[in-house]
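Read in order, the letters of the sequence shown are residues 1 to 688 in full-length UniProt numbering. Beta carbons are placed, not taken as given, at the ideal position from N, Cα and C, and that holds for glycine.
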Amino acid sequence: MSALAAPNEVVTRALLRQVNVPGLDRPAALITLDNGFDHTKPNTFGPAGLASLDEAVTAALAANPAFIAVTGKPYIFCVGADITGLPLLADREQALEIGRLGHRVFARLKDSEIPTFAFVNGAAMGGGLELALHCHYRTLSGGATALALPEVSLGLVPGWGGTQLLPNLIGIPAATQVILQNPLMQNRMLKPKQAAEMGIADVLLEPADFLERSLEWAAGVVRGEVTVTRPEVDKDMWAGVLYFARQTLDQRLHGAVPAAYKALDLLETAKDGDFAAGTAAEDEALADLVFSEELRSGLYAFDLVQRRAKRPAGAPDKGLARPVTKVGVVGAGLMASQLALLFARRLQVPVVMTDLDQARVDKGVGYVHTQIEKAVSKGRMDKGTAAKLYGLVSGSVDKSVLADADFVIEAVFEDLAVKKQVWAELEKIVSPEAVLATNTSSLSVTAMAAELEHPERVVGFHFFNPVAVLPLLEIVRGERTDDATLATAFAVGKQLKKSSVLVKDAPAFVVNRLLTRFLGTVFAAVDAGTPLDVADSALDPLGLPMRPLALLQLVGPAVAYHVGGTLHAAFPDRFGVSENLKRIADSGQPIVVDDQINAEVAKLLVVGDQPLTAEQVRQNALDALAQEIRLMLDEGVVAEAQDIDLCMILGAGWPFHLGGVTPYLDRTGATERVTGRRFLPRGVASLP
């Protein structure tokens with residue numbers, strides 16, 4: 001154990017107590033995992049935490065209880081291994097040892113002759129869920145907020161039995177979803193009901209009296225009054241499911257995430273049910289991955305999302321924020337309607353939409369009502385909450401309804417003159433303290449506010465589509481935006497449950513500027529004569545969430561052309577204007593149909609006779625990103641490279657194994673080749 005000691009480990013203690021349960025002739029042993037902090041600092045397992053659990057299991061077995069149960073502190077079961085200790089491992093043997101230690105301690109619950117139960121009262125992720133899988137039976141609280149095996153998203157594999165136990169419990173299709181598909185889809189979590197339906201839990205219980213009901217249920221199992229039946233796992237489909245999963249990985253990742261392929265191999269090993277061989281293979285896979293560049297980038301990205309996103313660099317004192325008791329939304333199109341619903345749900349204050357005519361207003365309010373109805377029908381919202389939201393969202397063609405709004409956001413046509421006109425009209429209506437927020441994706445906030453009497457209360461509030469899904473909010477400070485306005489914007493962003501990043505008022509801000517440069521480089525290759533399929537597949541080795549042409553279709557060719565024009569006006573030497581992109585936009589043709597490039601679009605192009613190879617396209621794109629990021633940092637668009645990466649992860653869905661973008665550019669040498677120096681010191685998001 002001493003060789004594995006983690007100096008900064010927040011130790012999760014395993015606290016043992018005897019519990020008298022009615023109907024049993026002797027007490028039960030209840031082990032509660034608790035690191036001594038509230039739910040904002042979840043339980044994790046490092047070497048000392050595993051040692052504490054080991055001691056508690058020893059003491060519990062010695063007492064010969066009716067059963068042994070493991071549960072967690074309020075709202076948290078355990079969220080897995082203490083990953084902060086992984087970069088401290090000195091060699092492969094230490095990595096093997098930490099894997100073996102977890103396996104040995106957890107296996108004591110699996111191999112116990114006394115019945116063992118996991119009372120999963122809250123978040124259970126990674127090693128926490130694997131601990132529960134080692135128990136003979138599992139109860140699950142309906143209030144558990146996060147259930148997952150997210151390791152692949154970080155560049156790891158479930159290394160404490162998850163790849164062996166889960167498929168033999170719930171079947172290979174569902175296990176593949178939990179271990180591979182969910183982590184690679186922005187780390188999707190399981191809901192308690194879903195986990196119970198899969199068979200991960202034996203019974204789903206209400207959170208209010210969860211522990212009491214769990215003890216009663218466990219006593220029923222021990223007395224033989226409750227029979228737990230589990231469906232037989234179909235081994236015949238194992239090979240077919242994994243073959244399909246491997247094909248899917250090849251199509252999406254092209255070998256870019258070693259952990260995903262290791263996980264597939266481990267799932268294949270699980271078929272024969274040799275648990276010792278399977279867990280030994282997990283140890284070896286873990287040891288290989290701990291010393292990979294992808295894991296170091298993944299840990300860096302995880303830290304950004306979990307820590308930096310919660311403490312935005314440069315945000316003013318939150319005590320300066322003004323209260324927001326009513327929100328106005330100018331515009332009633334799709335984006336505006338999404339915003340109205342989000343504000344109503346999160347802030348629980350009146351939200352009023354305005355537009356030029358009643359038909360548009362009615363359509364916008366109707367969209368909100370339809371989304372509320374869908375949420376109720378799918379069980380995501382109760383009828384009481386729905387009724388309240390119906391009453392909070394209204395619409396009008398008369399802008400005077402915004403007179404008492406504290407926060408007004410516009411989502412009108414992306415044209416500077418139109419937006420300036422909107423604010424000029426509104427300034428005569430709203431109070432001098434009301435915050436005026438613009439959802440512009442590329443225009444200057446400073447220019448928008450220049451002719452107002454109170455330009456200090458205008459701020460950029462740039463959401464990403466779909467609004468309800470993507471967590472990034474770029475908060476843009478204009479030249480005259482004051483601290484109170486900015487503080488209010490950050491406070492509102494937090495209430496909306498968005499991760500806010502402070503951005504300087506520069507053309508297209510962060511995500512759109514980088515994606516436009518990136519797509520512009522790819523399209524320049526097409527203009528030069530590179531076949532569409534070659535240019536589109538050139539970036540496959542990065543393992544991005546989608547190829548460039550699919551991304552272009554998602555953004556919309558017309559929008560991309562417009563943003564590209566804004567950036568061309570600001571930086572003509574680096575941002576070109578592709579007439580081919582305009583031809584596609586004007587045609588209205590889809591670029592991609594059923595994951596295939598539309599042959600009709602290819603016929604629209606007018607191209608040169610100097611095609612590039614895929615390697616040349618890729619290098620040009622990476623070099624362009626490296627150059628643009630260095631310029632953005634030099635301009636002070638954001639505080640540090642970490643904020644660029646946070647924006648790309650949360651706003652563009654760029655994966656953890658890239659660390660967002662700058663660690664990958666450093667790793668491939670693009671940064672030093674183009675700018676002469678790295679973005680991040682060695683060891684921050686890479687091997688030392």
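Asked, Found
"Nearest candidate by alpha-carbon position, reference Phe244, set Gln177, Phe656, Pro557 and Leu341", "Gln177"
"Cβ pair count under 8 Å reaching 3, the segment 640-651 against the segment 465-477", "yes"
"Proximity below 8 Å, CB of Val397 to CB of Gln358", "yes"
"Delimiting residues of the beta strand (DSSP E) encompassing Tyr137", "Tyr137 to Ser141"
"Residue from Ala528, Glu9, Leu86 and Asn512 with nearest C-alpha to Leu612", "Ala528"
"With 16 other Cβ atoms within 10 Å as the buried cut-off, status of Asn121", "buried"
"Own chain partners of Arg213 with C-beta closer than 8 Å, once the 5 adjacent residues on each side are dropped", "Thr139, Leu205 and Glu206"
"From Val510, Leu552 and Pro572, residue whose alpha carbon lies closest to that of Arg630", "Val510"
"Pairwise C-alpha distance: Arg678 and Tyr664", "11 Å"
"Per-residue burial, Ser431 [other beta carbons within 10 Å of its own, 16 or more giving buried]", "exposed"
"Alpha carbon of Gln495 to alpha carbon of Thr485, nearest angstrom", "15 Å"
"Whole-Å CB distance - Glu427 paired with His454, under 8 Å assumed", "7 Å"
"Collapsed DSSP secondary structure at Ile114 in the structure displayed", "coil"
"Top-ranked residue by Cα proximity to Asp505, from Thr440, Thr530 and Thr488", "Thr440"
"Beta-ladder partner(s) of Glu474, from DSSP", "His462 and Val501"
"Neighbour-count burial assignment, Met353, 16 or more Cβ in a 10 Å radius", "buried"
"Span of the beta strand (DSSP E) around Phe77", "Ile76 to Cys78"
"Where the beta strand (DSSP E) containing Ser396 begins and where it ends", "Val393 to Ser396"
"Through-space distance from Gly46 to Phe210, alpha-carbon basis", "27 Å"
"CA-to-CA distance, Ala570 to Met1, given in whole angstroms", "Residue confidence for Met1 is low, a pLDDT of 38 falling below 50, so the modelled location carries little weight; the figure read from the coordinates is stated next. Distance between the alpha carbons of Met1 and Ala570: 59 Å."
"Val607 to Arg583 span [Cα, whole Å]", "12 Å"
"Rounded separation between Ala208 and Ala239 - CA only", "43 Å"
"For Val601, the nearest candidate out of Leu169, Gln627, Val526 and Lys110 (CA to CA)", "Val526"
"Segments of 4+ residues assigned as alpha helix (DSSP H) that fall wholly inside the segment 526-604", "532-537, 548-555, 557-570, 579-587 and 599-602"
"Endpoints, the beta strand (DSSP E) within which Met125 is located", "Ala123 to Met125"
"8 Å Cβ cutoff met for Asn168 and Ala280", "no"
"DSSP state of Leu154 mapped onto helix, strand, coil", "helix"
"As assigned by DSSP and simplified to three states, the class of Leu24", "coil"
"Cα-Cα separation, Glu672 to Leu646", "21 Å"
"Sub-8 Å separation of Val222 and Phe67 beta-carbons", "yes"
"8 Å Cβ cutoff met for Gly126 and Pro150", "yes"
"Meets three-Cβ-pair contact criterion under 8 Å: the segment 48-67 and the segment 262-269", "no"
"Residue environment, Pro312, which counts as buried when at least 16 other CB atoms sit within 10 Å", "buried"
"Residues bridged to Gln18 (per DSSP)", "Ala29"
"Three or more C-beta pairs below 8 Å linking the segment 320-339 and the segment 408-417", "yes"
"Identity of the residue in Gly102, Leu295, Ala56 and Val70 nearest Ala118 by Cα", "Val70"
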